[in-house]
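Taken in order, the sequence shown gives residues 6 to 382; the numbers are from our numbering. Read through the structure below, which is laid out as structure tokens, and then see the notes.
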Amino acid sequence: MAIAIAVTRERREGETRCAATPETVKKLLALGASVTVESGTGAGSSISDADYEAAGAKVTSDLAAVLAGADVLLKVRGPTASETSALKSGTVVVGMLDAYRDKATVDALKGQGASAFAMEFVPRITRAQVMDVLSSQANLAGYRAVIEAAHTYGRGFPMMMTAAGTVAAAKVFVMGAGVAGLQAIATARRLGAVVTATDVRPAAKEQVESLGAKFVAVEDEEFKAAETAGGYAKQMSAEYQAKQAELTASHIVKQDVVITTALIPGRAAPVLVTAAHVASMKAGSVIVDLAVEAGGNVEGSKPDQIATTANGVKIVGWNNMAGRIAADASALYARNLVAFVGLMVKDGVLAIDLEDEILKAAMVTHQGQVVHEGLGG
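So this is what it looks like as structure tokens:
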């Protein structure tokens with residue numbers, strides 16, 4: 006009997022993406038699965054029900070029927086309580102579960118006996134690159150952050166010489182040179198801005214400079230060892246943070262646009278831009294906080310708002326920046342999911358290898374237990 010894969014409409018506020026596209030429906034069918042899509046699933050990404058049907062999926066508005074028969078449920082965000090309660094025991098749930106912060110969803114999946122996988126836990130190893138949702142979504146978020154900044158800034162980014170005089174290029178400072186930051190640098194450069202960037206990881210310097218931006222950081226001995234084996238930034242000492250803050254303060258006062266991208270898995274986002282930094286910037290400057298959902302890199306940033314400070318600085322705090330370019334974000338995310346699901350299907354049958362390093366790293370709940378070591382059982 007074919008594996009029954011269900012894709013339901015996203016019910017979390019502000020989520021425009023979807024977990025399958027017509028392209029990936031065809032790929033799932035090729036694995037030997039059947040695919041049922043809830044009506045309206047693709048609306049935020051300009052995908053119609055007819056598009057899914059043309060790809061071979063069954064489309065229905067009967068959510069209970071979709072979930073009750075599902076062997077696998079594909080989601081962008083974690084399922085809501087009403088969705089989880091409709092699943093049969095043993096259903097495989099795959100999505101970005103926000104497992105460190107959303108304990109309620111993890112507990113509900115555990116209680117329902119689901120085998121749940123958090124795509125944000127997929128390890129950053131060569132074999133898993135095609136499943137790396139953090140990178141695929143951060144890439145688009147970095148691009149969109151610059152577009153949002155340019156829109157909010159109200160001035161041009163490139164230097165323009167006209168008969169009426171010269172318009173100076175915007176000065177853009179990107180804080181954090183991971184996937185999102187590097188794409189922000191590249192996009193700001195394409196728009197003609199003068200770009201500087203900072204990061205605590207030594208490897209970032211060469212990457213930043215290769216994109217035509219100037220690297221700004223305190224390059225001491227601690228800096229040289231500031232990267233984990235997984236490629237993430239380490240938590241820096243208070244002494245280093247103080248030195249970096251002093252450098253940042255002297256640099257940020259000259260900037261027109263600041264984009265912050267720093268995230269530490271399992272922890273609140275580090276504060277990079279203080280109220281004092283913001284107060285030092287000139288009126289009309291723009292800050293985009295890409296970490297606002299994790300507490301924010303910027304003092305004064307507010308989720309899903311553009312906050313204007315007393316000195317006229319605008320702080321953009323849109324949640325789900327990738328979702329503001331939903332069609333592309335859905336396309337990439339859905340491909341990540343197909344690759345991941347492919348690990349669990351053998352000869353058209355669902356076969357989860359608990360010793361597979363990717364599946365093992367991403368599994369959150371199984372057989373009524375929380376099994377991810379970082380979540381404390």
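Don't be surprised by glycine CBs; every beta carbon is placed ideally from N, CA and C.
Simplified DSSP assignment, three categories, for residue i
i	result
Met124	helix
Phe228	helix
Val375	strand
Asp352	coil
Met164	coil
Glu153	helix
Gly147	helix
Met180	strand
Thr265	strand
Thr41	strand
Met101	strand
Met136	helix
Thr21	coil
Ile130	coil
Val213	helix
Met241	coil
Ile330	helix
Closer than 7 Å: residue i CB and nearest the ligand NAP heavy atom
i	result
Met124	This structure simply doesn't include the ligand NAP, nor any ligand for that matter.
First and last residue of the uninterrupted alpha helix (DSSP H) at residue i
i	result
Ile190	184–195
Leu33	27–35
Gly317	Where Gly317 is concerned, there is no enclosing alpha helix (DSSP H), given that its DSSP letter is neither H nor E.
Ala284	280–285
Lys93	Taken as a continuous stretch (DSSP letters only), Lys93 belongs to no alpha helix (DSSP H), as it is neither H nor E.
Thr85	Counting along the chain, Thr85 falls outside any alpha helix (DSSP H), and DSSP gives it neither H nor E.
Val258	Unbroken run through Val258: none, as it is neither H nor E.
Ala7	First-last for Ala7: undefined, no H or E at that position.
Val71	68–73
Asp56	54–60
Ile363	362–367
Reference residue i, options the options, closest by Cα
i	options	result
Ser66	Gly347, Ala315, Ser242, Thr41	Thr41
Gly2	Ala218, Val213, Ile357	Here the chain covers residues 6 to 382 and nothing more, so residue 2 does not appear.
Glu362	Ala86, Val127, Ser39, Ala73	Val127
Val205	Phe228, Ala191, Thr192, Glu214	Phe228
Glu58	Glu28, Ile357, Asn325, Val343	Glu28
Lys259	Gly289, Tyr245, Gln240	Gly289
Gly116	Gly305, Glu88, Gly100, Glu125	Glu88
Leu92	Gly74, Ala243, Ala230, Thr26	Gly74
Ala281	Glu251, Ala38, Asp56	Glu251
Leu68	Ser53, Pro84, Asp56, Ala55	Pro84
Ile330	Lys63, Glu224, Leu36, Gly147	Gly147
Val177	Pro308, Ala202, Ser50, Gly37	Ala202
Gln212	Asp54, Val221, Ala182	Ala182
Lys287	Gly300, Pro308, Gly301, Lys319	Lys319
Nearest-angstrom Cα separation, counted from residue j out to residue i
i	j	result
Ala254	Pro275	16 Å
Ser335	Ala169	44 Å
Gly186	Val200	11 Å
Ala123	Ser90	18 Å
Val375	Val111	8 Å
Gly373	Tyr105	18 Å
Ala7	Leu78	14 Å
Val263	Val293	6 Å
Gln134	Asn341	9 Å
Leu216	Ile190	7 Å
Thr192	Val151	7 Å
Ile130	Ala344	14 Å
Gly118	Ser94	5 Å
Asp107	Asp137	20 Å
Gln249	Leu139	26 Å
Lys351	Ser242	47 Å
His377	Ala366	7 Å
6 Å CB neighbourhood of residue i in its chain, flanking five on each side removed
i	result
Gly47	Cys23
Ala143	Val184, Ala185
Gly159	none
Arg17	Arg82
Gly161	Val172
Val179	Gly186, Ala189, Ile190, Ala202, Ile264
Cutoff 7 Å; reference residue i; Cβ partners in own chain excluding five residues on either side
i	result
Ala121	Val98, Leu102, Leu114, Val369, Thr370
Asp333	Leu145
Val71	Ala11, Thr13, Thr41, Glu43, Thr65
Leu348	Asp361, Ile363, Leu364
Glu153	Val293, Val321, Trp323
Leu380	Ala104, Val111, Val369
Span of the beta strand (DSSP E), counted from its first residue to its last, around residue i
i	result
Leu114	Run containing Leu114: none in the beta strand (DSSP E); it sits in the alpha helix (DSSP H), 108–116.
Leu78	77–82
Thr203	199–203
Glu304	Taken as a continuous stretch (DSSP letters only), Glu304 belongs to no beta strand (DSSP E), as it is neither H nor E.
Gly170	170–172
Asp294	291–294
Val64	63–65
Own chain residues within Cβ distance below 8 Å of residue i, not counting five before or after
i	result
Met165	Thr171, Val172
Gly61	Val30, Lys31, Leu34, Val40
Beta carbon proximity, residue i to chain C, threshold 8 Å
i	result
Ala189	Protein chain content of the structure displayed is limited to a single chain, and chain C is not contained in it.
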